[in-house]
Every structure is written in structure tokens, then in C-alpha cells.
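Beneath this line is the structure, given in C-alpha cells, with notes to follow.
Residue numbers (the numbering used here), protein chains in the order written: chain A, -12 to 211; chain B, -12 to 211.
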């Protein structure tokens, strides 16, 4: 990626919104960019890491893998989102596997650059703290969902969290969605049909429309 | 709690290890302490919060509750551990419920005190970031466990993470342990008997001894 294009891109990211021109120039100058083709792996669990990764473009997923090859997606990241900061600030090992859902570009900032950036402007640290806080809350919701919720309730929670004006653009295959919800593709398909049959949603390709907001909220809370 | 006793207590906490005498005095002077009797609730999910809570003594659990009253424990906190920082740095709402496993004392630091502490010494922010990073990794392990692991594997992972020189002091009832592992008390009891029968562990009251470290590691990885 051209340095000018990169600068224009990262300038829009909330993470770097407090940086001035000189800091942005420095950031872009030292950053390394890696391309990951759709479906490609970027790293595996326990890989050593330091510094900071930020997604420049595309979409990636962080996932755990069982001995039998079953996947559970933990987070999906979009442009502007830093990831696996928790490794840098704890044991220096990646917490899970990362692969690309779309052609993606990742920016890497070295530990030295990160430290100098934080040193110059501590607000970056506060922004990282906010990002990590939000993720921790999301992870707790996921634990709640996996341990205590039925499949329709999990799916309703997902649609409600992703909807904009009653519409959800999946932006991924139903197979990928099943790995987020933590079910088999077959169970997902059955549940979607049931929810559509009950008039809660309608499905058109990769677009889901919420037809009954209150009903879907009741479904999420296990009241339906 | 007497202010001198409190100062001597918090001085030992890693979170405050960089504070000098004046800062410690200030911290203790402004802190409010709440006692929670064993079994008592401290707060419910979504309660508004700001500032920082640190456990002074005892043991508490953070847990989610289903519509039907089923519990899933997310974290257990001991003395010196701050909790629910993620709420302060995100939407200001408690992520789950908190109750005491033993008679406990919680110190509360107001948002103003917290800000002034961070302002005087940014290393507190870095320590909080490390704590949150570790929790986020633990939460991801729990997602992995709930979504992809069988009960013996989850239990093996728990014992291995908690053991010291081959021994695990539970420090809680088996009923509480079942809420951490995410199983019914009956399934936990069956699994414990099976693991003891297989020579992996032996159980004596609330003490579990690991008899076969390699075997238990294989069990955790689903290879047994």
C-alpha cells in the first residue's frame, strides 16, 4: 500500500484520531503491511507476538480450533480495529488463530513504535483500554450465550447486535455465521427457517430483515 | 476496616506497588469499604458503575444468570484484584452479577480518585491493561472450553491452571465448581469419579491431587 494512501486511511481510524501530522507520518513510515488473501491464515494460536496489529482493509476472524478441527469464532474484526493487544500486554502469545474472511491488509506497528506513540500521547493507551473493555464485555456475552442460551436466543442476540434500521447485512457465508453462533450449519439452517416461519425475520440471500423487533427481543431473552 | 490496616493491606497489592507513601495515604483516605457476607450479592448485571472496585479480602464470583435461574461463573476474584474495569472504560454498566463466596471486603475508588491516580502515575493504567489482557485471554479460553471441549477436558484444564505443585485447593464447594465448569453438579460428580478411577487425580474433601500430570494434560487436549 502506498504511504500516502495508508496515511489517508489510518487518519480516519478512531484509534489514531488524536495523532497529529508528524505522528501520522512517523506511524506510516515505520509500519509494515501484510496482505492476506480471502481464506488465508495470518497466524496460529500461541504464535509469539509483540507490538500492535491493526486491520487496514477487509475482514478477519479470530477463532479457536478443537482437536477434531471444529471451529469457534470469537471475534470478527473490520478496518480500523486493532487486534490481539491482550497478547502484547500479557504473555506475548496469540490467544487464537486468525484468518481472512475477505482479502485483507494488516498494518503492524513494532513494540518500539507503539511505546514511543504511547509515550508521546497517552490517549492512545486509553483508546486501547476502551477497545479491550468492549471486547471483554463481548466475550462475557459469548460465555453467557454458549453456557446458558438456546440456539434461537443466540441467533436473535446476534441479529439484534448487528442490525442497522432493522436490516442485517451478514457479509459472510452462513457457514461462517454458524461458527460465530457455535452451532452446526444444519442447526443454523433449521433455526433460521423456524424464525422466518414464526414471522420474526425474513431472509434474502445474505440480508436478514427483522420483521418483528419485539418478538426477536423476546426470543433473545428466552421468553418465546 | 481501620485506615492503617487498609494501608498495610493495599501496600502489598501489585496494582498499587508503584504508589509512594503520600499516594497510598490519599488512596486509603478516600476509599469506601463495603462488607459482603458469604453468599451475599454485591451488584446485579447492568448496574451503573464508574470508578474502580478492588477486593480487599475474601473471595467473590462474577456470574451470568439465565431466565431459568441457571448460573455460569465467569471469573473468581481474590484479594488485590480489581474488577469490572471494563465497565468503567466502556458503557458504565456492570457486565454480570457479583456475589461473595466467602465473607469479603471491597474497596471502592471514585472516578475522580482513579483519574488523579492515573494522572500522577501512568503505570497504574499499564497494570490495569495487563489485568484486563489476562482476563480477556481467560475469557477466550472459556469460550473455547464451552464451545469445543468435553467435560473431562474442561475439568482437566481447570485443575491444571489452578494447581500448585500438583495440588489444587478448591476453596469452594463442588456446587460452585460446577458453575465454573458449566455443567450440572451431577455431571461434575460423575466426571470426578471417572478421573479418579482412571488414576488421573485423587480427591480428598476440597483438595484435589494430580496423580498423573501427563495423563491430565492429554485429557485436557482431548487425547484421552
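All residues carry an ideal CB built from backbone N, CA and C; glycine is no exception.
Note that this is a predicted model, so its numbers are computed, not measured.
Could you tell me how far apart the beta carbons of residue i and residue j are, in whole angstroms, since I believe they sit closer than 8 Å?
| i | j | result |
| --- | --- | --- |
| residue 2/A | residue 41/A | 7 Å |
| residue 81/A | residue 130/B | Residue 81/A to residue 130/B, Cβ: 15 Å. No contact. |
| residue 126/B | residue 26/B | Going by Cβ atoms, the distance from residue 126/B to residue 26/B rounds to 25 Å, so no, they are not a contact pair. |
| residue 207/A | residue 140/A | 6 Å |
| residue 138/A | residue 109/A | Not quite, the Cβ-Cβ distance comes to about 44 Å (not below 8 Å), so this is no contact. |
| residue 92/B | residue 45/B | 6 Å |
| residue 135/A | residue 51/B | 6 Å |
| residue 73/B | residue 132/A | 17 Å between Cβ atoms; not a contact. |
| residue 116/A | residue 116/B | 6 Å |
Where residue i and residue j are concerned, what is the direct C-alpha to C-alpha distance, given to the nearest angstrom?
| i | j | result |
| --- | --- | --- |
| residue 57/B | residue 161/B | 16 Å |
| residue 9/B | residue 53/A | 51 Å |
| residue 69/A | residue 184/A | 39 Å |
| residue 187/A | residue 123/A | 29 Å |
| residue 77/B | residue 199/B | 43 Å |
| residue 204/B | residue 145/B | 11 Å |
| residue 0/B | residue 156/A | 47 Å |
| residue 4/A | residue 111/A | 9 Å |
| residue 43/A | residue -12/A | 10 Å |
| residue 260/B | residue 75/B | In the structure displayed, chain B extends from -12 to 211; residue 260/B sits before or after that span and is not available. |
| residue 163/B | residue 61/B | 11 Å |
| residue 149/A | residue -5/A | 27 Å |
| residue 66/B | residue 100/B | 20 Å |
| residue 85/A | residue 98/A | 20 Å |
| residue 180/A | residue 170/A | 15 Å |
| residue 168/B | residue 19/A | 41 Å |
| residue 12/B | residue 71/B | 24 Å |
| residue 176/A | residue 48/A | 21 Å |
| residue 103/A | residue 55/A | 43 Å |
| residue 89/A | residue 159/A | 9 Å |
| residue 24/A | residue 34/A | 20 Å |
| residue 15/B | residue 106/B | 17 Å |
| residue -3/A | residue 6/A | 10 Å |
| residue 191/A | residue 197/A | 11 Å |
| residue 79/B | residue 118/A | 14 Å |
| residue 22/B | residue 96/B | 15 Å |
| residue 209/B | residue 172/A | 23 Å |
With a 10 Å radius around its C-beta and 16 neighbouring C-beta atoms as the bar for buried, classify residue i as buried or exposed.
| i | result |
| --- | --- |
| residue 83/B | buried |
| residue 193/B | exposed |
| residue -7/A | buried |
| residue 28/A | exposed |
| residue 201/A | exposed |
| residue 212/A | With chain A represented from -12 up to 211, any question about residue 212/A goes unanswered, as that position is not in the structure. |
| residue 31/A | exposed |
| residue 213/A | The structure shown does not extend to residue 213/A, since chain A is modelled only from -12 through 211, so no value can be given for it. |
| residue 143/B | buried |
| residue 178/B | buried |
| residue 114/B | buried |
Is residue i helix, strand or coil by DSSP?
| i | result |
| --- | --- |
| residue -11/B | coil |
| residue 59/B | strand |
| residue 126/A | helix |
| residue 69/A | strand |
| residue 201/A | helix |
| residue 151/B | strand |
| residue 51/B | strand |
| residue 12/A | helix |
| residue -1/A | coil |
| residue 104/A | helix |
| residue 42/A | strand |
| residue 87/A | strand |
| residue 21/A | strand |
| residue 213/A | As shown, chain A starts at -12 and ends at 211. That puts residue 213/A outside it, with no answer to give. |
| residue 171/B | coil |
| residue 143/B | helix |
| residue 183/B | helix |
| residue 31/A | coil |
| residue 160/B | coil |
| residue 4/B | coil |
| residue 193/B | coil |
| residue 136/B | coil |
* To do: Below 7 Å between beta carbons is the criterion; list the residues of the stretch 26 to 59 of chain A that meet it against any residue of chain B, in chain order.
  => 51, 53, 54, 57, 59
* To do: Can you give me, in chain order, the residues of the stretch 101 to 125 of chain A that have a beta carbon less than 8 Å from any beta carbon in chain B?
  => 109, 112, 113, 115, 116, 117, 119, 120, 121, 122, 123, 124
* Asked: Between the stretch 179 to 210 of chain B and chain A, which residues of the former have CB atoms less than 9 Å from a CB of the latter, in chain order?
  -> 208, 209, 210
* To do: Could you run through the stretch 74 to 88 of chain A and flag, in chain order, every residue whose CB is less than 7 Å away from some CB of chain B?
  => 76, 77, 82, 83
* Residues of the stretch 137 to 160 of chain A with Cβ closer than 8 Å to any Cβ of chain B, in chain order -> none
* Asked: Got a sec: which bits of the stretch 1 to 27 of chain A sit with their beta carbon under 7 Å from any beta carbon on chain B, in order along the chain?
  -> none
* Going along the chain, which residues of the stretch 159 to 176 of chain A sit with their C-beta nearer than 7 Å to a C-beta in chain B? -> 169
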